[in-house]
Amino acid sequence: MEKLANKLLCCILDSLGVTVDDIEWAQKAEKSGSKVGQRAIRLNHYPVCPEPERAMGLAAHTDSTILTILHQSNMGGLQVFKEEYGWVTVEPVSGALVVNIGDLFHILSNGKIPSVVHRARVNQTRSRISIAYLWGGPAGDVEIRPIPKIVGPVGASLYRPITWNQYLRLKFEVFDKALDAIRVVNPTN
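Heads up: the sequence shown begins at 35 in our numbering, then just goes up one per residue.
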């Protein structure tokens, strides 16, 4: 999964015209032989629910991570929010993985690639399992900020620098308002 996550990151960065070398803390991590970010695997179980319209498997949220790679079982339940459509079900495809952009990548891209609002629904007749590979931020006091090449020489960072641990605490305190809380109010000043 680590190789896949690295490849995905490189492809997404390439689409923005930058590389991993443009992320200062990632470059330092690679040179020292350490991992670019913290990783975790999360197993999710959503049991059968006789009244699924009255329950939520996992409330609407964005992941705090750089990116999340998700394997769904053959039972659907993942939904993403699209402004123009509302909630859209992500049907499971055998052998496929779902990639969600997280808040840290939203910050790195200066909002050009936003984090994905999603939720999990329960089912009336079948339980559901999913496995998530979460690629978080760097350990310690390393600050995460928009990539300078994306911001440009005369552009403005839309987000103030923040460490992974600070962001996790902030997300715990204000949940879905964490990105707004670190957004620069008037980035041109």
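Ideal Cβ placement from N, Cα and C applies to all residues, glycine included.
Exercise for the section: Identify which residue in 41, 45, 49 and 39 has its Cα closest to the Cα of residue 184. Expected result: To locate residue 184, count along the sequence shown from 1; it is residue 150. Nearest of 41, 45, 49 and 39 to residue 184, Cα basis: 49.
Practice task
Verify the CB distance criterion: does residue 81 have a CB-CB separation below 9 angstroms to chain B?
Solution key: No chain B appears in the structure shown, which is made up of a single protein chain.
Exercise for the section: State the Cα-Cα distance for the pair residue 205 and residue 188, rounded to the nearest angstrom. Expected result: As a position in the sequence shown, residue 205 is number 171, starting the count at 1. As a position in the sequence shown, residue 188 is number 154, starting the count at 1. When the Cα atoms are used, residue 205 and residue 188 turn out to be separated by approximately 30 angstroms.
Handout entry: Length of the line joining the Cα atoms of residue 57 and residue 181
Key = On the sequence shown, residue 57 is found 23 positions in, with the first residue counted as 1. On the sequence shown, residue 181 is found 147 positions in, with the first residue counted as 1. Between the C-alpha atoms of residue 57 and residue 181 there is a straight-line separation of about 6 angstroms.
Problem - Beta-carbon contacts of residue 177 that lie in its chain and below 8 angstroms, excluding the five residues immediately before and after - result: Within the sequence shown, numbered from 1, the residue matching residue 177 stands at position 143. Correct list, in chain order: 59, 195, 196 and 197.
Exercise for the section: Can you say whether residue 159 is buried or exposed, counting buried as having 16 or more other CB atoms within 10 angstroms of its CB? Expected result: If you number the sequence shown from 1, residue 159 lands on position 125. Around the CB of residue 159, fewer than 16 other CB atoms lie within 10 Å, so the residue is classed as exposed.
Exercise for the section: With DSSP as the reference, label residue 158 as helix, strand or coil. Expected result: The residue you call residue 158 lines up with position 124 of the sequence shown. For residue 158, the three-state secondary structure derived from DSSP is coil.
Exercise for the section: Return the chain-ordered list of same chain residues with a C-beta closer than 8 angstroms to the C-beta of residue 209, the five sequence neighbours on each side being excluded. Expected result: Within the sequence shown, numbered from 1, the residue matching residue 209 stands at position 175. In its chain, beyond the 5 residues on either side, 95 have a beta carbon closer than 8 angstroms to the beta carbon of residue 209.
Problem - Sheet register partners of residue 50 (DSSP bridge) - result: Translated into positions along the sequence shown, residue 50 becomes position 16. None; residue 50 has no bridge partner.
Handout entry: Whole-angstrom distance between residue 218 and residue 128, CA atom to CA atom
Key = Position 94 of the sequence shown, counted from the start, is the residue given in the question as residue 128. Position 184 of the sequence shown, counted from the start, is the residue given in the question as residue 218. Approximately 42 angstroms, taken between the alpha carbons.
Exercise for the section: Quick one: using the 10 Å Cβ neighbour count with 16 as the cut-off for buried, is residue 144 buried or exposed? Expected result: The count along the sequence shown starts at 1 and reaches residue 144 at position 110. Residue 144 counts as buried, since no fewer than 16 other beta carbons sit within 10 angstroms of its beta carbon.
Handout entry: At least three beta-carbon pairs within less than 8 angstroms, the stretch 130-142 to the stretch 102-114
Key = By the C-beta criterion, the stretch 130-142 is judged to be in contact with the stretch 102-114, since at least 3 inter-stretch pairs fall below 8 angstroms.
Problem - Cut-off 8 angstroms between Cβ atoms - residues of its own chain near residue 89, not counting five sequence neighbours on either side - result: Within the sequence shown, residue 89 is the residue found at index 55, counting from 1. In chain order, 83 and 156 place their CB closer than 8 angstroms to the CB of residue 89, counting only its own chain and leaving out the 5 sequence neighbours on each side.
Problem - Same chain only: Cβ atoms within 7 angstroms of residue 215, ignoring 5 sequence neighbours per side - result: Locating residue 215 in the sequence shown gives position 181, where the first residue counts as 1. Its chain contains 204 and 208 as the residues whose beta carbon lies nearer than 7 angstroms to that of residue 215, once the 5 sequence neighbours on both sides are disregarded; these appear in chain order.
Practice task
Indicate whether residue 153 and residue 121 have their beta-carbon atoms separated by less than 9 angstroms.
Solution key: Working through the sequence shown from its first residue, we reach residue 153 at position 119. Working through the sequence shown from its first residue, we reach residue 121 at position 87. Yes. Within cutoff.
Handout entry: Option nearest residue 98 by Cα separation, candidates 124, 105, 71 and 118
Key = As a first step, residue 98 is located in the sequence shown; it is residue number 64 there, counting from the start. Nearest C-alpha to residue 98: 71.
Exercise for the section: Below 7 angstroms CB to CB, which residues in the same chain sit around residue 202 once its five sequence neighbours on both sides are set aside? Expected result: Sequence index remark: in the sequence shown, residue 202 carries index 168 (1-based). Here the set comprises 98.
Handout entry: Bridge-paired residues (DSSP) for residue 121
Key = Locating residue 121 in the sequence shown gives position 87, counting from the first residue. For residue 121, which the question treats as bridged, DSSP gives the partners 115.
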